[in-house]
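The working numbering puts the sequence shown at residues 43 to 332. Just so it is clear, CB atoms sit at the ideal spot from N, CA and C, and this is done for glycine as well. Remember, it's a predicted structure, so these values are computed and weren't measured experimentally. Single-structure report; data block below.
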Amino acid sequence: MSRCLIVFFSQGGTTGRIAASIAEGLRAGKHDVDLHNLKNGPPPDPGQYDILGIGTPAYYFRPPFIVSDYLNSLPSLSGKLVFSFVLHGSLCGDAGNVVRRALERKGGKETGYARYHGADYFLGYLKHGYLLSPNHPKPEAIARAKQFGQEVAACCAGKAYERPVYAAPPAMIYRLERFLINRLFVRQMYSRLLWLNKKKCNACGICVKLCPTKNISEDNKRQPLFGRNCLLCFSCEMKCPQDAIASPVTWFMFWPFMVYNLRQASRDASIEHVRVVHARGRTSVVEKGK
Ligand SMILES: Cc1cc2nc3c(=O)[nH]c(=O)nc-3n(C[C@H](O)[C@H](O)[C@H](O)COP(=O)(O)O)c2cc1C
Numbered sequence: 043m044s045r046c047l048i049v050f051f052s053q054g055g056t057t058g059r060i061a062a063s064i065a066e067g068l069r070a071g072k073h074d075v076d077l078h079n080l081k082n083g084p085p086p087d088p089g090q091y092d093i094l095g096i097g098t099p100a101y102y103f104r105p106p107f108i109v110s111d112y113l114n115s116l117p118s119l120s121g122k123l124v125f126s127f128v129l130h131g132s133l134c135g136d137a138g139n140v141v142r143r144a145l146e147r148k149g150g151k152e153t154g155y156a157r158y159h160g161a162d163y164f165l166g167y168l169k170h171g172y173l174l175s176p177n178h179p180k181p182e183a184i185a186r187a188k189q190f191g192q193e194v195a196a197c198c199a200g201k202a203y204e205r206p207v208y209a210a211p212p213a214m215i216y217r218l219e220r221f222l223i224n225r226l227f228v229r230q231m232y233s234r235l236l237w238l239n240k241k242k243c244n245a246c247g248i249c250v251k252l253c254p255t256k257n258i259s260e261d262n263k264r265q266p267l268f269g270r271n272c273l274l275c276f277s278c279e280m281k282c283p284q285d286a287i288a289s290p291v292t293w294f295m296f297w298p299f300m301v302y303n304l305r306q307a308s309r310d311a312s313i314e315h316v317r318v319v320h321a322r323g324r325t326s327v328v329e330k331g332k
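Next comes the structure, spelled out in structure tokens:
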């Protein structure tokens, strides 16, 4: 029996659900599977496993920093069997390409690659009144993920693998957006601009618990203090029941990009959406889209 490790990052749970389904498929193919969400700390040593799977959501048309850091930290995979999968709310961009290329550079041998839609709780869109890909992944995609796991198992057992081509790079405007959310700007600029309204904050600790990089500590009044290791996932601001956290997501310079992205997404028949209102940590559907 081969051992498989699936390392993924999931803040909203959709990547985790797909990972669990892929694991089910692999187990049906007689593999022993361990799952690890990067938000729970460092994963086990992949050297103890025969197969390594990587799952990531698209964040700003690439994998989030926590996933790229993990990929960079991997030792040489020298022929280890690898597979990857991406969750995305609208436009995946280079997220899959980055993961696949990193695994290839490390010497991994690809046995599978898949993409799925996942409900897009990006705060910028929610604040503009849109939830993209609501209720995704749907049962059909969950079933497809299990089948994907079975196919990976079959390829690991020697079935020929037809490697999908890399996705075309995203259009210039999306590359510009991705550039604006680069690591240097996030560390040196945006992470300093997470702002707390101390009068509104009731020190509930939700933001501290939710932060996937443990970037939020507490002061002596148990109110949050923001560090620099931010992913710009905006979970802290999104889930704050007091609306006490503000961030650059509402900056006017991002406005045209949000409007452009949402206009493109709402015209794309392959991307479902609903109109929502987001306040006090809750997203409520107000109108069905398509
Ligand atoms: C901060 C942030 C940035 C995102 N950027 C993108 C993106 O560039 N393209 C896309 O298609 N989806 C994007 N999404 C949507 C997620 O990729 C998608 O919702 C995914 O299913 C989330 O995975 P999770 O539920 O496992 O956290 C973004 C979501 C967040 C929170």
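Nearest-angstrom Cα separation, counted from residue j out to residue i
i	j	result
M280	V141	27 Å
A196	L116	25 Å
P85	M300	34 Å
A156	G95	11 Å
L252	S52	12 Å
G171	R270	29 Å
F268	N303	28 Å
K169	G89	43 Å
D310	L113	32 Å
G131	H320	17 Å
Y208	G54	26 Å
K201	P211	30 Å
E329	E152	42 Å
G135	S175	16 Å
P283	G323	5 Å
N79	T57	9 Å
V327	G149	46 Å
A65	N262	43 Å
V109	A100	10 Å
D340	T98	Outside the displayed span of the chain (43 to 332) sits residue 340, for which this structure offers no information.
N33	L273	The question about residue 33 has no answer here: the residues shown for the chain are numbered 43 through 332.
K81	R104	18 Å
R45	F296	44 Å
Helix, strand or coil at residue i [DSSP, three-state]
i	result
G200	coil
E314	coil
I60	helix
V141	helix
Y155	strand
I223	coil
Y208	coil
A213	coil
M43	coil
P179	coil
F164	coil
K148	coil
G67	helix
G191	helix
Near ligand 1: residue i beta-carbon under 7 Å from a heavy atom
i	result
T325	no
T292	no
L133	yes
H130	yes
Q53	yes
D162	yes
A199	no
C275	yes
G171	no
Y101	yes
G138	no
G58	yes
Near ligand 3: residue i beta-carbon under 7 Å from a heavy atom
i	result
L129	Looking at this structure, you won't find ligand 3 anywhere; what it does contain is ligand 1.
Those residues which DSSP pairs with residue i across a bridge
i	result
S326	V319
V49	H78 and I96
Y172	R317
H130	H159
Checklist line | alpha helix (DSSP H) segments (min. 4 residues) lying fully within the region 228 to 292 | finding: The qualifying runs are 248 to 252 and 277 to 281.
Item checked: Entirely enclosed beta strand (DSSP E) segments - the region 73 to 128, minimum 3 residues -> Fully enclosed beta strand (DSSP E) runs of 3 or longer: 74 to 79 and 93 to 99.
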